[in-house]
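Asks:
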Amino acid sequence: MRNRPRGSHLGLMLLASQLFQVGVDNIPPVTLAVLGLNVYLYLFPAAPLMQACVSVQQAYWLKDWRRLLLSPLHHADDWHLYFNMVSFLWKGTKLERRLGGPWFLYLLSVFSLLTGLVYLLLEASLTELTQDQSYSMACAVGFSGVLFALKVLSNHYHPGGVTYVMGFPVSNRYTSWVELVLIHITSPGTSLIGHLAGILVGLLYTAGPLKAVMKKCAGLVTSNRHNSPPNAYYGSSGYSGTGGGHSGYRQYPPDYTTNPTASYTSGLTEDEQLEAAIRNSLNERGQSSQRGAPPPYGFQLSEEARAEDIRLRRLRRFDS
Numbered sequence: 484m485r486n487r488p489r490g491s492h493l494g495l496m497l498l499a500s501q502l503f504q505v506g507v508d509n510i511p512p513v514t515l516a517v518l519g520l521n522v523y524l525y526l527f528p529a530a531p532l533m534q535a536c537v538s539v540q541q542a543y544w545l546k547d548w549r550r551l552l553l554s555p556l557h558h559a560d561d562w563h564l565y566f567n568m569v570s571f572l573w574k575g576t577k578l579e580r581r582l583g584g585p586w587f588l589y590l591l592s593v594f595s596l597l598t599g600l601v602y603l604l605l606e607a608s609l610t611e612l613t614q615d616q617s618y619s620m621a622c623a624v625g626f627s628g629v630l631f632a633l634k635v636l637s638n639h640y641h642p643g644g645v646t647y648v649m650g651f652p653v654s655n656r657y658t659s660w661v662e663l664v665l666i667h668i669t670s671p672g673t674s675l676i677g678h679l680a681g682i683l684v685g686l687l688y689t690a691g692p693l694k695a696v697m698k699k700c701a702g703l704v705t706s707n708r709h710n711s712p713p714n715a716y717y718g719s720s721g722y723s724g725t726g727g728g729h730s731g732y733r734q735y736p737p738d739y740t741t742n743p744t745a746s747y748t749s750g751l752t753e754d755e756q757l758e759a760a761i762r763n764s765l766n767e768r769g770q771s772s773q774r775g776a777p778p779p780y781g782f783q784l785s786e787e788a789r790a791e792d793i794r795l796r797r798l799r800r801f802d803s
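All you need for the working numbering is the position in the sequence shown, starting with 1, plus 483.
#1: If you compare alpha carbons, which of L597, Q541, L515, L502 is closest to L687?
#2: Under 8 angstroms by Cβ, that's how I've got R594 and V629 pegged, so tell me the actual separation to the nearest angstrom.
#3: T673 lies in the alpha helix (DSSP H); which residues open and close that run?
#4: If you draw a straight line from the alpha carbon of V684 to that of L633, how long is it in whole angstroms?
#5: At least one CB of chain C closer than 8 angstroms to the CB of L603: is that the case?
#6: Where does S538 fall in DSSP's three states?
#7: P511 and R580 - do their beta-carbons sit closer together than 8 angstroms?
#8: Could you check if D508 is buried or exposed, using at least 16 other CB atoms within 10 Å of its CB as the buried criterion?
#9: Could you check the C-alpha separation between T689 and A695 for me, to the nearest Å?
#10: Checking 8 angstroms against the spacing of the C-beta atoms, do E606 and I676 come in under that value?
#11: Jot down the residue ranges of each uninterrupted alpha helix (DSSP H) in the stretch 559-639, minimum 4 residues, whole runs only, in chain order.
#12: Is DSSP giving F503 helix, strand or coil here?
#13: What's the C-alpha gap between Q616 and W562?
#14: For my contact list, V648 and V661 are in at a C-beta cut-off of 8 angstroms; report their separation, rounded to the angstrom.
#15: Out of V569, Y618, L612, which one is the CA nearest neighbour of L603?
#16: Tell me whether Y747 sits in a helix, a strand or coil according to DSSP, three-state version.
#17: Considering only their Cβ atoms, is the gap separating Y589 from M496 smaller than 8 angstroms?
#18: Using a 10 Å radius around the Cβ and a threshold of 16 neighbouring Cβ atoms, would you call I682 buried or exposed?
#19: Residues in the same chain with beta-carbon distance under 8 angstroms from P652, minus the five sequence neighbours each way, listed in chain order, please.
#20: Does the distance from the C-beta atom of F631 to that of N521 stay below 8 angstroms?
#21: Rounded to the nearest angstrom, how far is the Cβ of Y525 from that of L564, given a contact under 8 angstroms?
#22: Residue range of the alpha helix (DSSP H) that P512 falls in?
#23: Compute every distance between the C-beta of G691 and the non-hydrogen atoms of the ligand PLP, then say whether any falls below 7 angstroms.
#24: If you run the structure through DSSP and keep just helix, strand and coil, what is Y543?
#25: Could you check which residue in S608, R656, W573 has the C-alpha nearest to that of G506?
#26: Which same chain residues end up closer than 8 angstroms to L693 when comparing Cβ atoms and leaving out the 5 residues on each side of it in sequence?
#27: Thinking C-alpha only, which one of Q501, M620, Q534 is nearest M568?
#28: In terms of alpha-carbon separation, which member of K699, T673, L679, R550 lies closest to Q534?
#29: Report the three-state DSSP secondary structure of G727 (helix, strand or coil).
#30: Return the chain-ordered list of same chain residues with a C-beta closer than 7 angstroms to the C-beta of L636, the five sequence neighbours on each side being excluded.
Set out below in structure tokens:
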């Protein structure tokens, strides 16, 4: 890996221009903070690139595990930073609005760490299969792997959509794989294994056990912190559940029996409050024949689809 070139600031200026066009006030706080951290560590790196990149040789053989934390947040040059952060600006804004700031920060932390670990596993496997030590010495740096994981997650939430890649329509289901190949062909210096590691981490979340494990861990931490009953917990993504694991279910304290909306609007964004109000309205209509305790914060699949459709139509109007 080559050292960072000095005196190159065009990428930084273009990134600043992009941020001003979007408007700093329109960027959710976690996305803005992570973007700012990447820029700060580019200008004032925590370590030289050769001491921040991650490889099997450095991380596993020499036990320098701090590279797993440093590598996603350092970039080779300002263009590397620019393209990654512009991509993150779009993906982060969409996902943070959907998932909520605390859960999105949790997600980024897990994705960053796991992408590095999967990268090491893949490179070590290639070394064993090919008996070529160069795979263990390949050192990767940058946020690209995390971005591929976020791309898989974003496409998972919009399975029927189409993305244009080099002018050709590609189903969102396959966009990540097509871009993985095209980026490697058009930019041979990029880390194919690093990007592949990101895709695999994204699939572990959307189609594997990672999401359930993260929710379980978040539930245990929150339960211990607030001394919650063992059969109910509150996740930062808006998820809470019982032993049955029903997503979207929340039990209200007795104080909110007259105004259930007040229990979850505090501290939420405008989009989250809109979605919560829609869900609460659907619950009230669906249980109008049952008087007594207020309905839990939950809904059937058909109601979830209706609420999501309303929210997406509103977001489309905002984006236009």
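Idealized CB from N, CA, C, for every residue including glycine.
Replies: Based on what the coordinates show:
#1: L597
#2: Note that residue 594 corresponds to Phe in the displayed sequence, not to Arg. That belief holds up - the Cβ atoms of F594 and V629 are roughly 5 angstroms apart, short of 8 angstroms.
#3: No alpha helix (DSSP H) holds T673; DSSP gives it neither H nor E.
#4: 9 angstroms
#5: The structure shown contains no chain C, having only a single protein chain.
#6: coil
#7: yes
#8: Residue burial is scored here from C-beta neighbours: D508 has fewer than 16 other C-beta atoms within 10 angstroms and is therefore classed as exposed.
#9: 10 angstroms
#10: yes
#11: 561-582, 584-613, 617-620
#12: helix
#13: Each residue's Cα considered, the two are about 30 angstroms apart.
#14: 5 angstroms
#15: Y618
#16: Unreliable placement is indicated for Y747, whose pLDDT of 38 sits below 50; no coordinate value is reported for it.
#17: No Cβ-Cβ contact shorter than 8 angstroms links M496 with Y589.
#18: buried
#19: V645, T646
#20: In this structure, N521 does not lie closer than 8 angstroms to F631 by Cβ.
#21: 5 angstroms
#22: 512-526
#23: Questions concerning the ligand PLP fall outside what the structure shown contains, since it holds no ligand whatsoever.
#24: helix
#25: Closest option to G506, Cα to Cα, is W573.
#26: Listed in chain order, the non-local C-beta contacts of L693 below 8 angstroms within the same chain comprise V593, L597, V684, L687, local neighbours out to five positions each way being set aside.
#27: Q501
#28: R550
#29: At G727, the pLDDT of 36 sits below 50, so the modelled position is not reliable; the number obtained from the coordinates is stated separately. G727: coil per DSSP, three-state reduction.
#30: L578, G685, Y688, T689
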